[in-house]
């Protein structure tokens, strides 16, 4: 009897330990990413403060995006830590019930409530970061192309659809995990036994579409001016060349878009990427990366890894001086060379040039 009891206890302890380990190791990865994010955000905040926040509406907007994404990522990280702590306390508790909302529930139901609380926090913070990150990619493509109305309408409609899809996905995903989920939500989640995953896959697919759209528009401009780009990348050591290539990939959004494309099969069953381990890690990683991307863009600019210093007129010709530049030329205005918060107008000037008012220049030049 004692031997059987000991074996059963050991099996229960092993199962509990595996359950906690599945939460602890992902939170270690998430903590590492959040520390990196904190460093990047600090550098980006210093850069914005040094260049003047009150003097530029663009700087103020970037500051708001930076603080919001950092707050969302920090909230998600803190919520995950709390979840691990609560789950550990409940799992290793000697009692068979736990107090929840003034009453006592079985441990498995109490764990459901704890996970549902974290899931709600994680989904809400992730949606905010996704909208801001995708909005940044499309905004950069919009400014690079010279702010055409068709791209403004396309970007706004894409972000609106993205918002609707992610809100719907959040409602379904969180409701399914609730111990007392509504019957209609459970029915929706059980469509073809993977309804919830289909909803998630569609919303993640649209996120990838927004990123691919912005990256493709930027990539087209890069291809059109590939000679300037080649000259920009040539020269220097292999290390500096690799740094410029990496910065260009970050600046173009290619890496960020590739991650979101990979996220689509990770959200869908039967893809080979929907294993338990991948499911634990990937949402936490993407929650931090989606918040980190705007700050990383500012740091790339501050480090002057790539410099797109001249401007392309929306329909005009470049001046002779502009033709002599060894930089990649993006969207521009027809006025004197005043620069936006993320642009430069001369190789001898710093990367960040703050103009007196944002309205002085009709086009915001995203220069990295």
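Residue numbers (my numbering): 68 to 435. A virtual CB, placed ideally from N, CA and C, is assigned to each residue, including glycine.
- Excluding sequence positions up to five away, which residues of its chain have a Cβ less than 6 Å from the Cβ of residue 204? Only 278, 281 and 320 meet the Cβ criterion.
- Message: Quick check: what's the CA-CA separation for residue 362 versus residue 223?
- Response: Their Cα atoms are separated by approximately 22 Å.
- Task: Give me the Cβ distance between residue 355 and residue 123, rounded to the nearest whole Å; I'm assuming they're in contact under 8 Å.
- Result: So it is not a contact: roughly 28 Å between Cβ atoms.
- Tell me, please, whether the region 116-133 touches the region 142-154 by the rule of three or more beta-carbon pairs shorter than 8 Å. With a cut-off of 8 Å, the region 142-154 and the region 116-133 do not count as touching, because too few Cβ pairs lie within range.
- Sub-7 Å separation of residue 270 and residue 236 beta-carbons: With respect to residue 236, residue 270 sits close: the two C-beta atoms are nearer than 7 Å.
- Would residue 274 be called buried (16 or more neighbouring beta carbons within 10 Å of its own) or exposed? By the neighbour-count definition (other C-beta atoms within 10 Å, threshold 16), residue 274 is a buried residue.
- Task: Pick helix, strand or coil for residue 320, following the three-state DSSP scheme.
- Result: DSSP places residue 320 in coil when its eight states are reduced to three.
- Query: If you draw a straight line from the alpha carbon of residue 201 to that of residue 220, how long is it in whole angstroms?
  - Reply: The C-alpha of residue 220 is placed about 15 Å away from the C-alpha of residue 201.
- May I ask you to report which of helix, strand or coil DSSP gives residue 215? Looking at residue 215 - three-state DSSP - the assignment turns out to be coil, as it is neither helix nor strand.
- Message: For a test of the three-state rule: what should DSSP assign to residue 119, helix, strand or coil?
- Response: Looking at residue 119 - three-state DSSP - the assignment turns out to be coil, as it is neither helix nor strand.
- Less than 8 Å between the CB atoms is what I'm expecting for residue 197 and residue 352, so what's the real figure, rounded? Between residue 197 and residue 352, the beta carbon gap of about 14 Å keeps them out of contact (Cβ cut-off 8 Å).
- Message: Can you check which of these residues, 115, 135 and 136, is closest to residue 126 by C-alpha distance?
- Response: Nearest option by C-alpha distance: 115.
- Item | Backbone CA spacing between residue 110 and residue 366 [nearest angstrom] | Cα-Cα distance, rounded: 7 Å.
- Query: Taking the alpha carbon of residue 323 as the point to measure from, which residue in 214, 348, 276 and 103 has its own alpha carbon closest?
  - Reply: Nearest option by C-alpha distance: 276.
- Can you tell which of 214, 326 and 267 has its C-alpha closest to the C-alpha of residue 285? Looking from the CA of residue 285, the closest CA among 214, 326 and 267 belongs to 214.
- Buried or exposed: which applies to residue 95, given that a residue is buried once 16 or more other Cβ atoms fall within 10 Å of its Cβ? By the neighbour-count rule (16 or more Cβ atoms within 10 Å), residue 95 is not buried but exposed.
- Query: What number of angstroms, rounded off, separates the C-alpha of residue 135 from the C-alpha of residue 120?
  - Reply: Spanning the two alpha carbons is a distance of roughly 16 Å.
- Message: Considering only the alpha carbon of each residue, which of 144, 155 and 206 lies closest to residue 188?
- Response: Closest option to residue 188, judged by alpha-carbon separation, among 144, 155 and 206: 144.
- Message: Please report the distance separating the alpha-carbon of residue 108 from that of residue 137.
- Response: Looking at the two C-alpha atoms, the distance is approximately 7 Å.
- Could you say which of 327, 117 and 118 lies nearest to residue 268 if we only look at CA atoms? Taking only the C-alpha atoms, the option nearest residue 268 is 327.
- Message: Given a cut-off of 7 Å on the beta-carbon distance, is the pair residue 93 and residue 360 in contact?
- Response: No, these two residues do not count as a Cβ contact at 7 Å.
- Task: Give the C-beta separation of residue 104 and residue 358 to the nearest angstrom, bearing in mind that I take them to be a contact with Cβ-Cβ under 8 Å.
- Result: Indeed, because the Cβ distance is near 6 Å, the residues count as touching under 8 Å.
- Query: Buried or exposed: which applies to residue 216, given that a residue is buried once 16 or more other Cβ atoms fall within 10 Å of its Cβ?
  - Reply: With fewer than 16 other Cβ atoms within 10 Å, it is exposed.
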